[in-house]
Structure formats: structure tokens, C-alpha cells
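S.K.: First, the structure itself, so that you have it in front of you.
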Amino acid sequence: MIRVENLTKYYGKRLAVDNISFNVEGGEVVGFLGPNGAGKTTTMRILTGFLAPTQGEVWVAGYDMSKHSLEARQRIGYFPEVMPLYSDMTVRSYLDFLARLRGLDRNRMKTRIEEVVDICHLEKYVDVLIGKLSKGFRQRVGVAQAIIHEPEVLILDEPTIGIDPIQVAVTRQLIKELGKERTILLSTHILSEVSVTCERVIIINEGRIVVEDRIENLSSLISGSKRIRLEVEGPAEKVAERLRQIEGVLQVSYEDSHYIVKCSAGQDLRGKIMETIVQGGWTLLSLESIEMSLEDIFLKLTTEEETSQ
Amino acid sequence: MRNTTTIALKEFKSYLASPMAYVVTGIFLGLTGFLFQGSPSTYSETSISGFLGTGSILLLLLASVLTMRLLAEEKKMGTLELLLTAPVRDSEVIVGKFLGSLGILTAMLALTFYYPLLLMWFGDPDWGPIATGYLGLFLLGCTSLAVGLFASSLTSNQIVAAVVAGGILCALWFLGMAADLFPEAMGEVIGYLSLYYHFPDFMRGVIDTRGIIYYLSTTVLFLFLAIRSLESSRWS
Numbered sequence: 006m007i008r009v010e011n012l013t014k015y016y017g018k019r020l021a022v023d024n025i026s027f028n029v030e031g032g033e034v035v036g037f038l039g040p041n042g043a044g045k046t047t048t049m050r051i052l053t054g055f056l057a058p059t060q061g062e063v064w065v066a067g068y069d070m071s072k073h074s075l076e077a078r079q080r081i082g083y084f085p086e087v088m089p090l091y092s093d094m095t096v097r098s099y100l101d102f103l104a105r106l107r108g109l110d111r112n113r114m115k116t117r118i119e120e121v122v123d124i125c126h127l128e129k130y131v132d133v134l135i136g137k138l139s140k141g142f143r144q145r146v147g148v149a150q151a152i153i154h155e156p157e158v159l160i161l162d163e164p165t166i167g168i169d170p171i172q173v174a175v176t177r178q179l180i181k182e183l184g185k186e187r188t189i190l191l192s193t194h195i196l197s198e199v200s201v202t203c204e205r206v207i208i209i210n211e212g213r214i215v216v217e218d219r220i221e222n223l224s225s226l227i228s229g230s231k232r233i234r235l236e237v238e239g240p241a242e243k244v245a246e247r248l249r250q251i252e253g254v255l256q257v258s259y260e261d262s263h264y265i266v267k268c269s270a271g272q273d274l275r276g277k278i279m280e281t282i283v284q285g286g287w288t289l290l291s292l293e294s295i296e297m298s299l300e301d302i303f304l305k306l307t308t309e310e311e312t313s314q
Numbered sequence: 005m006r007n008t009t010t011i012a013l014k015e016f017k018s019y020l021a022s023p024m025a026y027v028v029t030g031i032f033l034g035l036t037g038f039l040f041q042g043s044p045s046t047y048s049e050t051s052i053s054g055f056l057g058t059g060s061i062l063l064l065l066l067a068s069v070l071t072m073r074l075l076a077e078e079k080k081m082g083t084l085e086l087l088l089t090a091p092v093r094d095s096e097v098i099v100g101k102f103l104g105s106l107g108i109l110t111a112m113l114a115l116t117f118y119y120p121l122l123l124m125w126f127g128d129p130d131w132g133p134i135a136t137g138y139l140g141l142f143l144l145g146c147t148s149l150a151v152g153l154f155a156s157s158l159t160s161n162q163i164v165a166a167v168v169a170g171g172i173l174c175a176l177w178f179l180g181m182a183a184d185l186f187p188e189a190m191g192e193v194i195g196y197l198s199l200y201y202h203f204p205d206f207m208r209g210v211i212d213t214r215g216i217i218y219y220l221s222t223t224v225l226f227l228f229l230a231i232r233s234l235e236s237s238r239w240s
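Right, dumping it as C-alpha cells:
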């Protein structure tokens, strides 16, 4: 559905995307992950035809973006990083404008606007000026415009940024539902978002693809060596020594009056650790597992790359 | 065509929804009305040349203000991303926006029509020069809007767009004055390129094809430049 080959983009002399290639099959929901400035938005802008690539080729829904841009654009729904809303229009007239612009059938238009308003829970706000809506609702209008013409491909650039947790949950649910029948490329820099919504992940950093894999395979990478942080009242050295003796513990370090226990892949040692502490006669004050952050993954992936080379 | 109409209608409506169009129209009507009633030609010739003379210069400035937001605002607000990723040609975006602003300009000119009606009430005006005068203003308006739209495509700052448009238009208007500084043949060419050069004919009631061609071709030229400028934003 989306095919990217050797895509490179320079802004003047600055390299933003460095020779990346990937595929997204029909019906897939793929997460496009990376820190700020990794080249996510640039790639998406090229995929939607807003920017032209310096080099490389892009096909969307079977159309070559450089030659049949209009046909390709017809089949893309795009939620840009900056929400593209006309604040002087009402929600209804905005959706109506975009439905027309994207060539929706006149008869279909009215029912489709109702449908989209319903999907995005905007019923009460159809006749309100967009400029008067709160950020969360504007974001829903942004999603509504992306799906109004029933596109085969959805490209969503950080759709959950800057909205409250409830809205985030609603949006993720919506993306999941949309993903049942559409191809979605979703960019984010939040790891957990990807694991909730996506089947496959492409991670990019500094314009290059660092890793491209299914989420199951990646989750071993993400939660692979789990780390547990605990606070214990007791003699530091003894506690650390006892912890090291637990089967499956790789490493124990002590910093800021907290112990960081690194466990081997796929094991949850929290129960055992708790037991050990209690058996030692010490008091366990807190215990939590540490989620691996995106930065950790990059660190891990990039250092792994270096050592394998 | 359908896309062009959609964009033109959207632009026209958003003009009506914002105070800008009303302020511009109000200033245009107020100033031209004042000068029309103060001009001796109104009474001695029962002509609208008092309105046309000042109206033409005013039109240049107001067109710059009217068009400044057309693309600059879209760039600033990020909505340009929406237009350029919709299945719409860049030329349709430009022509649509041009037609939307032309709609407002036409409405503005239509509102001045009570000047000749007043003349008819009190006298017996010659309708020939009135009709050609309006034609001239309309054509001049087309060129001004196209220049303004081009200027708006260059920047995301509306003020800059208005100043650039005003600058280009004034330069083209007063180009005729520079003609005297050059040798005869060259001076004539430069004079011909001036926006003002062709206007007095229309005021006198003469329809000169050269004038019509001049205004239409400058309009097309600047719309073309605006399209190219919009296209080039993809290659930044």
C-alpha cells in the first residue's frame, strides 16, 4: 500500500531523511517511531505529496507520487503535525469544504459528514466555529477531516500529542478501529502508544531506519531485559549481594539510595526479589519495574550495531 | 473546475466572515464617495471621472490588503498542508483564490454604482465612458489581485505580503513617469508596460484592445508566477 524506496531529503544542505526504504502492506497498522527531529514528519510530508523528495521514490495505493500525485493524494487521509484548521469556519462547513475538495459524491457527502461527526463524537459541535473549540475537540476535527473521504491509507503525524489522557485513550481506540479496514502509518515518540495500536514498528533516528520489526519481536527488545528499581531499608552491601544471588538477575547497581536490578530476558523477578528481602529481615519500601524508554532503545540499538560491526 | 469553484466559494465566504472585506469596502466607498462629490467633473461633465481617477489608485492599495492573507495565512496556520495534499492542482488553488477575491472586488465595485445613478437622477450622463470606466477598474482590479496573490505566495507574513504587493503595484503604476528619462523608443516601451498608461483611455470612453490585453496578460503572468511559487514550496 505504501512503498518507499531509497528516499532521501535534504533541506538545503541539511540532511533530514537518509536513504530509507520500507513497505506498508494493505490493512497494516504501522508505528513510525523516533525522537523529535528524526525525520518522521519530513517522511510523512513526502508520502502525502506536500514535499518532493530530493531522491528516491514513493508509491501510495499503487500510484507513483511523482507522476500520479493527484490519484495518490485522493486515496490518502492525512493528519499533519500542525493541525490544519480554519478557525473562521464551523466544523460542518470545514468538513463540507474538504469533502468537496477531495471529490466526494454530492449525495454521499451529507451522510458521510454525519457519519464522521458520529465517529469522532462531534455531534454537539458541528455548528461551532473551529476557533472556539478546545484543543481536544480540534484534534478530533483533525481526525474527522482525515477520514472524511474514506481513504485507503491514513497517515497520522503524532495524533495524540498535547491532549488530555482521556482523549488520548479515545483517539487510540479510534485508530485501532480505523485500522481494521484501513492501512495506517502512525508517527509518535511515545513507546506505549505503538504497543497499544500497532502491529509493526519502524524506528528511525537521525534520518535512518534503526529497526523495523513486528511488535512481538520488538517487545522482547523493549521489555527484554527488564529493570526493577527498589528501595530497601537495610545494609546496602548485604542486600545487593543477596539480590545478585537470585537466579535470573544479571546486574545490581545502587544509586540515589535505590537498587536497580537488571533481570534476564522474559523473566518477572519481582516476586522473588520481594521474598528475598523479607527473608533477609529487611524492610521493602518500594518496588517498581522500569519501562525502557525510547532513548534506552536507541542507545541499545545503536550500541548493538556498533559492537556487531 | 469543480475544485476551483469550491476554493473560490470558500474564499468568498471567509471574506464575508472576517471584518477585512467590510473595512476595505467601507474605506473604498467612503473615500471615493467623498472625492466624487468634491470633483468638479461630477457637476460640469456629469461624469464619474472624479471617482475613477482616485478609485484606480485606491484600488491598487486595497487589493494588496485584500489579497495579503490568501496564501500567507495558510502558510502560517499550516492549512496549506491541507490544500497541497488534497487531490487538487496547484493551479486550481491559485485560480480559486483569485476568483474568490475577485468576487469581493466585484461586489465592492458594484456598490459604487450609485454614483452614476445619482448622476442620472440629477442630469443626463454619457453612459459610454461610465461603462468603459468600470471595465477599466475591473481589469485593473484583476491585475492588482493577481499581483497581491503572488506576493502572498512568497511569505508567511501577511504584512510583508501587503507591502510587497503594494510596492510592485506602485512601481508598475508610476513606471510611466520614468519613461521620460529614456530615449524615445525605449521610453515608449516602458510607458506601455506601466499600469497607468492604459487607464486614461478607459476613463475617456475608449476601449483599446491593447489595454485589455495588457491587463489580462499581466493578470495571467502574476497568477502563473504565483502557481510556480506555490509549486516551489514543495522543493524547499
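Sequence order for the protein chains is A and B. Converting from the first sequence to the numbering used here requires adding 5 to each position, the first position being numbered 1. Converting from the second sequence to the numbering used here requires adding 4 to each position, the first position being numbered 1. C-beta: ideal position from N, C-alpha, C; glycine also.
Okay, do the segment 199-216 of chain A and the segment 237-250 of chain A touch, 3+ Cβ pairs below 8 Å being the bar?
M.R.: In short, these stretches do not touch, since the Cβ pair count stays below three.
S.K.: DSSP puts Tyr259 of chain A in a beta bridge; with which residues?
M.R.: Per DSSP, A:Tyr264.
S.K.: Val92 of chain B touches chain A at which residues, Cβ-Cβ below 7 Å?
M.R.: Residues of chain A passing the Cβ test: Leu106.
S.K.: Assign Glu287 of chain A to one of three DSSP states: helix, strand, or coil.
M.R.: This sequence places Trp at residue 287 of chain A; Glu is not what is there. The answer is coil: DSSP assigns Trp287 of chain A none of H, G, I, E or B.
S.K.: Roughly how many angstroms separate the alpha carbons of Ile11 of chain B and Gly34 of chain B, rounded to a whole number?
M.R.: Cα to Cα, the separation comes out at about 30 Å.
S.K.: Within 10 Å of its beta-carbon, does Gln314 of chain A have 16 or more other beta-carbons around it, so buried, or fewer, so exposed?
M.R.: Low confidence applies here, because Gln314 of chain A scores a pLDDT of 47, under 50, leaving its location unreliable; read the following figure in that light. Exposed is the call here.
S.K.: Do you know how far the Cα of Asp128 of chain B is from the Cα of Ile52 of chain B?
M.R.: Cα to Cα, the separation comes out at about 12 Å.
S.K.: Within the 8 Å Cβ cut-off, does Tyr16 of chain A reach chain B?
M.R.: True, the Cβ-Cβ gap to chain B drops below 8 Å.
S.K.: With DSSP as the reference, label Tyr19 of chain B as helix, strand or coil.
M.R.: Tyr19 of chain B: helix per DSSP, three-state reduction.
S.K.: Would Gly104 of chain B and Phe16 of chain B qualify as a contact pair, given that the criterion is a beta-carbon distance under 8 Å?
M.R.: In this structure, Phe16 of chain B lies closer than 8 Å to Gly104 of chain B by Cβ.
S.K.: Counting along the chain, where does the alpha helix (DSSP H) carrying Ala175 of chain B start and finish?
M.R.: Where Ala175 of chain B is concerned, the enclosing alpha helix (DSSP H) stretches over 162-182.
S.K.: Count the other CB atoms, across all protein chains shown, that sit within 10 Å of the CB of Met124 of chain B; report buried if there are 16 or more and exposed otherwise.
M.R.: With fewer than 16 other Cβ atoms within 10 Å, it is exposed.
S.K.: I need the straight-line Cα distance from Thr116 of chain A to Asn7 of chain B, nearest angstrom please.
M.R.: One C-alpha to the other measures close to 21 Å.
S.K.: Quick check on DSSP: helix, strand or coil for Ile214 of chain A?
M.R.: Strand.
S.K.: Identify the contact partners of Arg78 of chain A in chain B, using a Cβ-Cβ distance below 7 Å as the criterion.
M.R.: The contacting residues are Thr89, Ala90, Pro91.
S.K.: Which residues share a DSSP beta bridge with Glu62 of chain A?
M.R.: DSSP, once it has assigned bridges, lists A:Glu10 as partnering Glu62 of chain A.
S.K.: The segment 6-27 of chain B: which residues have C-beta closer than 7 Å to a C-beta of chain A, in chain order?
M.R.: Those would be Asn7, Thr10, Lys14, Ser18, Ala21, Ser22, in chain order.
S.K.: Would you check if there are 3 or more beta carbon pairs closer than 8 Å linking the segment 153-172 of chain B to the segment 51-69 of chain B?
M.R.: At 8 Å Cβ cutoff, the stretches touch.
S.K.: Any idea if Ala175 of chain B is buried or exposed, counting beta-carbon neighbours within 10 angstroms, 16 or more meaning buried?
M.R.: Classification for Ala175 of chain B: exposed.
S.K.: Give, in chain order, every unbroken run of the alpha helix (DSSP H) that is at least 4 residues long and sits entirely within the segment 11-93 of chain A.
M.R.: Runs of the alpha helix (DSSP H) inside the segment 11-93 of chain A: 45-52, 74-79.
S.K.: Note down, in chain order, every chain A residue with its Cβ under 7 Å from the Cβ of Glu49 of chain B.
M.R.: The premise fails here: Glu49 of chain B is roughly 44 Å from chain A at the closest Cβ pair, so nothing lies under 7 Å.
S.K.: Here's the rule: buried if 16 or more other CB atoms are within 10 angstroms of the residue's CB, otherwise exposed. What is Arg73 of chain B?
M.R.: Result: buried.
S.K.: Beta-carbon within less than 6 Å of Ile153 of chain A's beta-carbon, same chain only, minus the 5 sequence neighbours each way: which residues are those?
M.R.: Leu100, Leu103, Ala104, Val121, listed in sequence order.
S.K.: Taking 8 Å as the threshold (C-beta atoms), are Leu274 of chain A and Ile233 of chain A in contact?
M.R.: Yes. Within cutoff.
S.K.: Return the first residue and the last residue of the beta strand (DSSP E) that Leu161 of chain A is part of.
M.R.: Element bounds for Leu161 of chain A: 158-162.
S.K.: Using only CA atoms, which one of A:Glu186, A:Met94, A:Ile51 lies nearest to Leu88 of chain B?
M.R.: Comparing Cα-Cα distances from Leu88 of chain B to each of A:Glu186, A:Met94, A:Ile51, the minimum goes to A:Ile51.
S.K.: Relative to chain B, which residues along the segment 46-61 of chain A have a C-beta separation below 8 Å, given in chain order?
M.R.: Listed in sequence order: Arg50, Thr53, Gly54, Phe55, Leu56, Ala57.
S.K.: Quick check: is the beta carbon of Ile81 of chain A nearer than 8 Å to any beta carbon in chain B?
M.R.: It does; some Cβ of chain B falls within 8 Å.
S.K.: In the DSSP assignment, the beta strand (DSSP E) including Leu191 of chain A goes from what residue to what residue?
M.R.: 188-193 is the span of the beta strand (DSSP E), which, as asked, contains Leu191 of chain A.
S.K.: Please check the pair Phe40 of chain B and Thr46 of chain B, which I expect to be a contact at CB under 8 Å, by giving their CB distance rounded to whole angstroms.
M.R.: The Cβ separation is near 6 Å, so the contact holds.
S.K.: Given a cut-off of 8 Å, decide if Gly145 of chain B and Leu109 of chain B are closer than it, judged by their beta-carbon atoms.
M.R.: Yes, the Cβ-Cβ distance between Leu109 of chain B and Gly145 of chain B is below 8 Å.
S.K.: Using the beta-carbon of each residue, which ones in chain A are nearer than 9 Å to Ser105 of chain B?
M.R.: Per Cβ cutoff of 9 Å: no residues; Ser105 of chain B is ~16 Å from chain A at best.
S.K.: Could you check whether the Cβ of Pro164 of chain A sits closer than 8 Å to any Cβ belonging to chain B?
M.R.: So no, Pro164 of chain A is outside the interface.
S.K.: Given a limit of 9 Å on CB to CB distance, which residues of the segment 96-129 of chain A reach chain B?
M.R.: Listed in sequence order: Ser98, Phe102, Leu103, Arg105, Leu106, Arg107, Gly108.
S.K.: Can you name, in chain order, every residue of its own chain whose Cβ lies under 6 Å from the Cβ of Leu56 of chain B, other than the five neighbours on each side?
M.R.: Excluding residues within five positions, the ones whose Cβ falls inside 6 Å are Gly137, Met207.
S.K.: Provide the residue(s) that pair with Ser294 of chain A in DSSP beta bridges, ordered along the chain.
M.R.: DSSP lists A:Ile233 as partners of Ser294 of chain A.
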